[in-house]
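Working notes, structure below.
Residue numbers (our numbering), protein chains in the order written: chain A, 1 to 351; chain B, 1001 to 1276.
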């Protein structure tokens, strides 16, 4: 607690007179009128504004403009033409690694961004800031099966006799290959490297029962709301929002796929210094809790959970009851295999 | 300015500015992007596009869907354009409003509207089942049927406007003359009206077909994932895998086919005009 206090005092002071306190003297660059943060948009944009952008605007007097959606291709175009309009952009984690490999990212300034209260494996990241995590979870309509009495594993999801009804899964091999292997009996901690042939053989069994392969996050929840499907997968925040609006959906956390949501600074942005300051705002334990309360996508500051609304806590991927029943996406495996697997996925789907 | 008195060069000059803008901000960047396909000095991206078994399969399906959409647009658009061209000014205004209204609504919204109408629990299926017309909901969505319905809705105006333009310009006296010479209704249509509206048919069909090739959101949302069009694969290479060489090679192939179809239709049209 003492440590916490000292650090927050420091952070406050640093915000006022960054140049004088932050180690080696470094002149604070001139303030732009605005910086652009590019992320997923929609409800998430509102959450980012309330949790982080308002605080940033208050601390530095620089307006934050949000844009969307995350777009690796656009990032590359901006960086290679030297016309970078984003100070920060969100990317899917494997895309962030790809951008890092292609040299499209500005390094994180660890003098400004303090990761000391983050999990050890994230503290030394050079270019990629894990702003939050999210899970691909199973959900079903509670008028098909009472909450808790529906499918409780991917093996159940595959069991169309015991749990009949149209299903929906994402139109991507990511997660689905893992789900198929789990359904086929592979243990949670032995998934990687994925046995792709075995996964596709298992997917063959469920293919005609999946009436919709969803393309957007909004669609995944809407399909259950409209009763187009009774059982499916979605990002946990999508179901949470739908349930908040009264949709009869139950979320099953068992065997869900948890992964990082990455924020990065495009190489060559003139606002790099302010992007680093924004990252520092985003590491704040209390502000991460504000965001988690709205979107159910928690940040990874180890001090953050104590500030989360107890009513929301059990809906977070990182809640103790949830996290150990999930598998972490192996980004390295997906980096190495995504292209060939995605081509095979497309061929499999239309075949 | 003395140019004001010389009418023609002044108008030509007016056209130069937009042409320059188009060249600079549209044609040049597109051309620059297409060059990515040969950026490494080989034709490897084309080889992959043509031989990997996925991209050409999807391209053939794309051509097939575009053809179906074009035929349906023509079947629906032709009588509607005829009605627009021949009805009273009051009804014409109403008709145009119906054609134009969807243009003011985002494609995404229209696509979601189809989901509500055509879904398993959609308005149409609920009523069909309630009325006892069908026993189980019809599979109208999340398949090729859904994609074609959604695309026809978006593209129908592109068919109607060129048809309307030629139908309005047509001299009704020609039809009267044909009838006066003893031709029955069907013959008047087949030998006079249809040939005279052929330019409209060809330009409408070209527009619809070519725009269809690039369709993106509609197949992704109404196809349920099973209907894959070439635009989706190109986007994936651009945005997800940063393989701009392959993306550009695919774009070159689509562009070449589109230009080929356009050229073929132009020749057809010219031959037909000379012949008649």
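Note that beta-carbon positions come from the ideal geometry of N, C-alpha and C, so glycine has one too.
Proximity below 9 Å, CB of residue i to CB of residue j
i: residue 122/A; j: residue 1239/B; result: no
i: residue 1174/B; j: residue 1196/B; result: yes
i: residue 1192/B; j: residue 1205/B; result: no
i: residue 136/A; j: residue 168/A; result: no
i: residue 257/A; j: residue 175/A; result: yes
i: residue 1188/B; j: residue 1076/B; result: no
i: residue 1112/B; j: residue 1194/B; result: no
i: residue 1258/B; j: residue 1033/B; result: no
i: residue 263/A; j: residue 39/A; result: yes
i: residue 1241/B; j: residue 339/A; result: yes
i: residue 37/A; j: residue 278/A; result: yes
i: residue 193/A; j: residue 333/A; result: yes
i: residue 352/A; j: residue 223/A; result: Beyond the ends of chain A as shown, which are 1 and 351, falls residue 352/A; an answer cannot be given.
i: residue 162/A; j: residue 181/A; result: no
i: residue 1031/B; j: residue 1037/B; result: no
i: residue 303/A; j: residue 1122/B; result: no
i: residue 170/A; j: residue 260/A; result: no
i: residue 58/A; j: residue 290/A; result: no
i: residue 1057/B; j: residue 347/A; result: yes
i: residue 305/A; j: residue 318/A; result: yes
i: residue 315/A; j: residue 148/A; result: no
i: residue 96/A; j: residue 68/A; result: no
i: residue 1210/B; j: residue 1261/B; result: yes
i: residue 118/A; j: residue 281/A; result: no
i: residue 196/A; j: residue 177/A; result: yes
As assigned by DSSP and simplified to three states, the class of residue i
i: residue 301/A; result: coil
i: residue 35/A; result: strand
i: residue 145/A; result: coil
i: residue 254/A; result: strand
i: residue 86/A; result: coil
i: residue 1131/B; result: coil
i: residue 63/A; result: strand
i: residue 211/A; result: strand
i: residue 12/A; result: With a pLDDT of only 45 at residue 12/A, under 50, the local geometry of the prediction cannot be trusted, and the value read off the model is given with reservation. In the structure shown, residue 12/A sits in a helix (DSSP, three-state: H, G or I).
i: residue 1265/B; result: helix
i: residue 1241/B; result: coil
i: residue 1017/B; result: helix
i: residue 1105/B; result: coil
i: residue 1031/B; result: helix
i: residue 45/A; result: helix
i: residue 1010/B; result: helix
i: residue 398/A; result: This structure cannot speak to residue 398/A, because chain A is shown only from 1 to 351.
i: residue 185/A; result: coil
i: residue 1253/B; result: helix
i: residue 265/A; result: coil
Enclosing alpha helix (DSSP H) for residue i [first to last residue]
i: residue 1159/B; result: 1144–1169
i: residue 331/A; result: 331–350
i: residue 220/A; result: 217–225
i: residue 242/A; result: 236–244
i: residue 1063/B; result: 1055–1086
i: residue 1042/B; result: Looking at the DSSP string, residue 1042/B is not in any alpha helix (DSSP H), and its letter there is neither H nor E.
i: residue 73/A; result: 72–81
i: residue 308/A; result: Counting along the chain, residue 308/A falls outside any alpha helix (DSSP H), and DSSP gives it neither H nor E.
i: residue 206/A; result: 196–206
i: residue 1211/B; result: 1194–1213
i: residue 1179/B; result: 1172–1180
i: residue 1095/B; result: 1089–1100
i: residue 1235/B; result: 1230–1235
i: residue 291/A; result: 285–295
i: residue 324/A; result: Unbroken run through residue 324/A: none, as it is neither H nor E.
Host beta strand (DSSP E) of residue i (start-end)
i: residue 167/A; result: 167–170
**Message:** Counting only Cβ-Cβ distances shorter than 8 Å, please list the residues of the region 155–178 of chain A near chain B, keeping chain order.
**Reply:** 166, 171
**Asked** When you check each C-beta in the region 58–81 of chain A against every C-beta of chain B, which residues fall closer than 7 Å?
**Response** Of all residues in the region 58–81 of chain A, 71, 72, 73, 76 have a Cβ within less than 7 Å of some Cβ in chain B.
**Request:** Could you run through the region 1131–1164 of chain B and flag, in chain order, every residue whose CB is less than 7 Å away from some CB of chain A?
**Result:** Per Cβ criterion, the list reads 1142.
**Request:** Tell me the start and end of each unbroken alpha helix (DSSP H) in the region 98–159 of chain A that is at least 4 residues and wholly inside, in chain order.
**Result:** 154–158
**Item:** Residues of the region 1197–1225 of chain B whose Cβ lies closer than 8 Å to any Cβ of chain A, in chain order
**Value:** 1220, 1221, 1224, 1225
**Prompt:** the region 1041–1067 of chain B: which residues have C-beta closer than 8 Å to a C-beta of chain A, in chain order?
**Reply:** 1052, 1053, 1054, 1057, 1058, 1061
**Request:** May I ask you to list, following chain order, the residues of the region 1227–1261 of chain B that have a beta carbon less than 9 Å from some beta carbon of chain A?
**Result:** Those residues of the region 1227–1261 of chain B that come within reach of chain A (Cβ to Cβ, closer than 9 Å) are 1227, 1228, 1232, 1233, 1235, 1236, 1237, 1238, 1239, 1240, 1241, 1242, 1243, 1244, 1247.
**Request:** Please name the residues in the region 92–118 of chain A whose beta-carbon is closer than 8 Å to at least one beta-carbon of chain B, in chain order.
**Result:** 95, 98, 102
**Message:** Give me the subset of the region 1106–1120 of chain B whose CB atoms are less than 9 Å from a CB atom of chain A, sorted by chain position.
**Reply:** 1112, 1115, 1116, 1119, 1120
**Request:** Output, in sequence order along the chain, the residues in the region 215–234 of chain A whose CB is closer than 7 Å to any CB in chain B.
**Result:** 215, 219, 226, 227, 228
**Request:** With 8 Å as the limit, tell me which residues of the region 334–351 of chain A have their beta carbon closer than that to any beta carbon of chain B; keep them in chain order.
**Result:** 338, 339, 342, 343, 346, 347, 349, 350
**Request:** Could you run through the region 200–214 of chain A and flag, in chain order, every residue whose CB is less than 9 Å away from some CB of chain B?
**Result:** For the region 200–214 of chain A, the residues whose beta carbon sits under 9 Å from a beta carbon of chain B are, in order, 210, 211, 212, 213, 214.
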